[in-house]
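For what it's worth, the numbering used here labels the leading residue of the sequence shown as -4, then goes sequentially. All residues carry an ideal CB built from backbone N, CA and C; glycine is no exception. From a predicted model like this one, the values you see are computed outputs, not experimental measurements. Written below as structure tokens is the structure these notes are about.
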Amino acid sequence: METSPPEKVPDTAFTDTDIEKDSVPESAEFKDPNVVDFDKPTDPENPMNWSSTKKTMAIVIVTAMTTLSPIGSTISAAATLEILRHFDSTDETLGAFVTTVFLLGYTFGPIVIAPLSEMYGRAYLYKICISFFVVFNVACAVADSLGSLIVFRFLAGVAGSCPITIGTGSIADMVPPEKRAGAMGAYVLGVVFGPSIGPIAGGYLAPATGWRWTFWLMTIASGLMTVVAMLFIEESYPYVLLKRKTERLRKETSNPNLRSVLDTGRTPRDLFAFSILRPLKMLLSPMVFSLSLYQAVVYSYLYLCFTTFERVFGSQYGFSSGEAGLATLGLGVGSVIGVFGYAISSKRISERLTKKNGGDLKPEYRLPPMIIGAILTPIGLFWYGWSAETKTHWIVPILGTVFIAMGMIFTFMATTVYLVDVYTVHAASVTAASTICRCLFGALLPLAGPSMFQAMGIGWGNSLLAFIAIAFVPLPFVFYLYGQRLRESKLFHVDF
């Protein structure tokens, strides 16, 4: 009979799952024969011990789904004016909402997806949500009113939020902390580069074949992704893997007393109720809230650009919708540079600081690159806004957006990796908490873009955003210098 190993379970075997360390039965340390665990530290069933090929394939699939979803979030942005003309509307705010309502789905989806993944595993959620993503994109393609299009866009966002919500948890299941920055970099590339692809595809496809084909294209792509997910995604969540192993051993041994080492003792109903509130409770933590708020503000600037590029470059430079879509390449290039720049700098800085401080890798060592992002973001906003305002050559404002994207990436990745490292056993929940905050801002702030630019102009409008970004500059310094002390302070602790 397979039972728990005689030695204490190493922490790295279960890093970054949504299981509380305190819930591990004390008896597991006393060789309780009824406690089921992975057989040994090198057990191949443990996702931490999967082969490099298997881990790479899993991360590539998750990253592909994560890229596809943000493409869907912005693919209608460059076709906004055509959509409004089709439905006889002139409301630019409503047109922007067609794009950003997708992010409202990102806001509400994680609240349910995170606890469901804890109960039933990540693989089931990936497969179910990608299937619904196909269905709702079909519904968008055949929508017969602006209202129904908005509703189906929202539902597509809910389904599309799945890889955004639990993708970091999947990586944490398989990759130890010292190697996580590189793997997270590949994953985040999909999150941030995807939105830049959408307007380019939609900008050229909509004028040529009609706006509905932007959603048919998403249907085809997500349909192929659904087949891949059904065939190749495997469960990586240790809690679910050990739960299945326990159920199997109960049948094989007829021993009803067997229990998983990660069993919390909660019923599925209690577990769902407990878990659904955890991301919201985590936002009550000053640490989670402040970092998530900063990430949300910078992230919303990205979508503000997406929803206003057609107007800005159309009115200032006479760009067509396709050419306005190509203007997002600056954001895409900046995102790619930011991902690789963060991955390289984070690795080198954290290794140097770890070595300097006795070999103890602290989460705060992830934060110095965030200081770079705090500086780049306002520089990019000033650059983009005033160069577009004065109608300099079109390449100049696009170069400014490169800095905006780089700043956003450094901020996004640093806060994400830091929060995952701090709340290791609650990785999916803390990601859900930050996603809720980030996407709520991303959905609502861009709605003010048309009115703001009309009232203040492109230059002063972007300057206002830059001043807000400057107000957050002290944040990475505070958490780098005092993060550990704040983490250990009762004032920064919330029981979740």
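Taking just the CA atoms, how far does residue j sit from residue i?
i: Leu89; j: Leu98; result: 14 Å
i: Leu394; j: Gly317; result: 18 Å
i: Asp252; j: Leu244; result: In the sequence on display, residue 252 carries Asn and not Asp. Cα to Cα, the separation comes out at about 10 Å.
i: Asp492; j: Ile145; result: The structure shown does not extend to residue 492, since the chain spans only -4 to 491, so no value can be given for it.
i: Ala53; j: Lys238; result: 21 Å
i: Trp206; j: Ala72; result: 10 Å
i: His81; j: Asp139; result: 10 Å
i: Phe147; j: Phe398; result: 34 Å
i: Leu414; j: Gln311; result: 41 Å
i: Gly325; j: Ala74; result: 19 Å
i: Met220; j: Thr248; result: 40 Å
i: Gly452; j: Phe304; result: 14 Å
i: Ala466; j: Met403; result: 15 Å
i: Arg361; j: Ala136; result: 43 Å
i: Ser47; j: Ile78; result: 46 Å
i: Phe472; j: Ala428; result: 22 Å
i: Ile66; j: Ile192; result: 6 Å
i: Met447; j: Val96; result: 19 Å
i: Leu275; j: Pro441; result: 24 Å
i: Ala438; j: Ser295; result: 7 Å
i: Lys240; j: Asn250; result: 13 Å
i: Val235; j: Asp168; result: 12 Å
i: Arg347; j: Gly177; result: 16 Å
i: Ile166; j: Val425; result: 14 Å
i: Gly444; j: Glu229; result: 42 Å
i: Leu390; j: Pro202; result: Note that residue 390 corresponds to Ile in the displayed sequence, not to Leu. Near 24 Å, if we compare the C-alpha coordinates of Pro202 and Ile390.
i: Val256; j: Ile161; result: 22 Å
i: Ala23; j: Val130; result: Any reading at Ala23 must be qualified, since the residue scores a pLDDT of 40, below 50, and its modelled position is unreliable; the value itself is stated next. Roughly 45 Å between the two C-alpha positions.
i: Leu120; j: Glu113; result: 10 Å
i: Met43; j: Pro171; result: 7 Å
i: Glu242; j: Val30; result: 12 Å
i: Met179; j: Lys350; result: 22 Å
i: Leu286; j: Lys246; result: 47 Å
i: Gly338; j: Ala409; result: The sequence given here places Ala at residue 338; Gly does not occur at that position. When rounded, the distance between both Cα atoms is 10 Å.
Can you say whether residue i is buried or exposed, counting buried as having 16 or more other CB atoms within 10 angstroms of its CB?
i: Ser(-1); result: Low local confidence applies: a pLDDT of 39 at Ser(-1) is under 50, so the model's placement there is unreliable, with the coordinate-based value given in what follows. Buried is the call here.
i: Gln449; result: exposed
i: Pro39; result: exposed
i: Phe462; result: exposed
i: Lys50; result: buried
i: Asp86; result: exposed
i: Tyr477; result: exposed
i: Asn457; result: buried
i: Asn352; result: exposed
i: Ile108; result: buried
i: Asp32; result: buried
i: Asp142; result: According to the sequence provided, residue 142 is Gly. The question's Asp does not apply to it. Exposed is the call here.
i: Pro493; result: Since the displayed the chain opens at -4 and closes at 491, residue 493 lies outside it and no answer follows.
i: Phe227; result: exposed
i: Glu384; result: buried
i: Ile215; result: exposed
With which residues is residue i paired in a DSSP beta bridge?
i: Arg254; result: Val30
Pull up the CB-CB distance for residue i and residue j, whole angstroms please, since I reckon it's below 8 Å.
i: Leu184; j: Val334; result: 5 Å
i: Val153; j: Gly104; result: 4 Å
i: Ala319; j: Gly309; result: 6 Å
i: Ser217; j: Phe128; result: 5 Å
Q: Give, in chain order, every unbroken run of the alpha helix (DSSP H) that is at least 4 residues long and sits entirely within the stretch 435 to 478.
A: The qualifying runs are 444 to 466.
Q | Complete beta strand (DSSP E) runs within the stretch 379 to 415 (minimum length 3 residues, chain order) | A | DSSP runs (the beta strand (DSSP E)) wholly in the stretch 379 to 415: none.
Q. Quick one: complete alpha helix (DSSP H) runs, 4+ long, within the stretch 253 to 293?
A. Residue ranges of uninterrupted alpha helix (DSSP H) with 4 or more members, entirely inside the stretch 253 to 293 and ordered along the chain, are 263 to 277.
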